[in-house]
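Here the protein sequences line up with chains A and B, keeping their order.
Converting from the first sequence to our numbering requires adding 155 to each position, the first position being numbered 1.
Converting from the second sequence to our numbering requires adding 8 to each position, the first position being numbered 1.
C-beta atoms are modelled at their ideal positions from N, C-alpha and C, and glycine is treated no differently.
What you are looking at is a predicted structure, and each value in this text was computed from that prediction instead of being measured.
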Amino acid sequence: EAGVVQSPRYKIIEKKQPVAFWCNPISGHNTLYWYRQNLGQGPELLIRYENEEAVDDSQLPKDRFSAERLKGVDSTLKIQPAELGDSAVYLCASSGRNQETQYFGPGTRLLVL
Amino acid sequence: QQPVQSPQAVILREGEDAVINCSSSKALYSVHWYRQKHGEAPVFLMILLKGGEQKGHDKISASFNEKKQQSSLYLTASQLSYSGTYFCGTVGRIQGAQKLVFGQGTRLTINP
Chain A
156 EAGVVQSPRY
166 KIIEKKQPVA
176 FWCNPISGHN
186 TLYWYRQNLG
196 QGPELLIRYE
206 NEEAVDDSQL
216 PKDRFSAERL
226 KGVDSTLKIQ
236 PAELGDSAVY
246 LCASSGRNQE
256 TQYFGPGTRL
266 LVL
Chain B
9 QQPVQSPQAV
19 ILREGEDAVI
29 NCSSSKALYS
39 VHWYRQKHGE
49 APVFLMILLK
59 GGEQKGHDKI
69 SASFNEKKQQ
79 SSLYLTASQL
89 SYSGTYFCGT
99 VGRIQGAQKL
109 VFGQGTRLTI
119 NP
């Protein structure tokens, strides 16, 4: 069984530029999560989807961050414009019907210069 | 709301035991444990549900004291492969929805 797939794995951009991350969850997993992990810290939830509905986006900085999961499978997280403080690893995770175990992808390491 | 892990870091020799603690100020529904190696994704280890249960596989086990809102991860006879950062994630009841909140992590280094 394939795990959570994310791309790109690394991204270097200049501040004020836009950037997008893509995630493909484990097949059959209805719940999808986007986390941000700063260096030396634990992951912090940005947004959680149940199928195509964003059920928890309270931690998403909506002035510059947006996300979508149009068909309830793949998801895209966008930052526009990026700021220096956005440098972090962006992790995608998915879980099945019981929502108890979250499986993480390898993450996208973003560096904003 | 973030759970507090202790210690922040620990260095052991191969074969020694380690205990990592996780405590919360909120009533908990469950505790999740993950291990993350440098540059890799967090890998799920186990989940403990309310009810004060204990779990374990191989030489890694964990306990959950619901009343004290604490969980501990036990690594016995540590192996080099156990090195990494261990995160606990707690699920409480926040605004009627379950949300996994991670601690700051405990960095475990196993030396030969």
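Do residue i and residue j have their C-beta atoms within less than 8 angstroms of each other?
{"i": "S250(A)", "j": "V267(A)", "result": "no"}
{"i": "S80(B)", "j": "T117(B)", "result": "no"}
{"i": "P163(A)", "j": "Q235(A)", "result": "no"}
{"i": "I55(B)", "j": "H40(B)", "result": "yes"}
{"i": "R252(A)", "j": "N193(A)", "result": "no"}
{"i": "G258(A)", "j": "G195(A)", "result": "Looking at the sequence itself, residue 258(A) is Tyr, so the reference to Gly does not match. Not closer than 8 angstroms, so no."}
{"i": "S71(B)", "j": "E22(B)", "result": "no"}
{"i": "Y37(B)", "j": "P50(B)", "result": "no"}
{"i": "V109(B)", "j": "T98(B)", "result": "yes"}
{"i": "L83(B)", "j": "K107(B)", "result": "no"}
{"i": "R224(A)", "j": "E207(A)", "result": "yes"}
{"i": "G100(B)", "j": "K58(B)", "result": "no"}
{"i": "R354(A)", "j": "Y245(A)", "result": "As shown, chain A starts at 156 and ends at 268. That puts residue 354(A) outside it, with no answer to give."}
{"i": "S221(A)", "j": "C247(A)", "result": "no"}
Smallest Cα separation from residue i: which of the options?
{"i": "E238(A)", "options": "L187(A), A248(A), E223(A) and P216(A)", "result": "P216(A)"}
{"i": "S32(B)", "options": "P11(B), F72(B) and Q112(B)", "result": "P11(B)"}
{"i": "Y188(A)", "options": "G195(A), A209(A) and R219(A)", "result": "A209(A)"}
{"i": "S89(B)", "options": "P15(B), L20(B), Q9(B) and C30(B)", "result": "L20(B)"}
{"i": "K171(A)", "options": "Y190(A), E199(A) and R219(A)", "result": "R219(A)"}
{"i": "S14(B)", "options": "V109(B), C96(B), K107(B) and L108(B)", "result": "C96(B)"}
{"i": "G111(B)", "options": "D25(B), C30(B) and L53(B)", "result": "C30(B)"}
{"i": "L53(B)", "options": "T256(A), T231(A) and P261(A)", "result": "T256(A)"}
{"i": "P261(A)", "options": "I167(A), I168(A), I181(A) and S213(A)", "result": "I181(A)"}
{"i": "E169(A)", "options": "A248(A), G240(A) and W177(A)", "result": "G240(A)"}
{"i": "S69(B)", "options": "H46(B), G47(B), K76(B) and D25(B)", "result": "D25(B)"}
{"i": "E205(A)", "options": "K226(A), V160(A) and K166(A)", "result": "K226(A)"}
List, in order along the chain, the chain B residues whose C-beta lies closer than 7 angstroms to that of residue i?
{"i": "Y258(A)", "result": "F52"}
{"i": "G262(A)", "result": "A49"}
{"i": "L225(A)", "result": "Simply none; closest approach about 23 angstroms."}
For a contact meaning CB atoms closer than 9 angstroms, what does residue i contact in chain A?
{"i": "Q112(B)", "result": "G195, Q196 and G197"}
Quick one: list the residues of chain A neighbouring residue i, beta-carbon separation under 8 angstroms, in chain order.
{"i": "I55(B)", "result": "E255 and T256"}
How would you list, in chain order, the residues of chain B whose beta-carbon sits under 9 angstroms from the beta-carbon of residue i?
{"i": "L200(A)", "result": "K107, L108, V109 and F110"}
So residue i contacts chain B; which residues on that side make the cut at Cβ distance below 8 angstroms?
{"i": "L246(A)", "result": "A49 and P50"}
- Message: Count Cβ pairs between the region 107-117 of chain B and the region 258-265 of chain A that sit closer than 8 angstroms; are there 3 or more?
- Response: no
- Query: What residues from the region 17-50 of chain B come within 9 angstroms of chain A, judged by C-beta to C-beta, listed N to C?
  - Reply: Contacts with chain A (Cβ-Cβ distance below 9 angstroms) from the region 17-50 of chain B involve S38, H40, Y42, Q44, G47, E48, A49 and P50, listed in chain order.
- Message: At a CB distance below 8 angstroms, what residues from the region 72-98 of chain B approach chain A? Give them in sequence order.
- Response: F95 and G97
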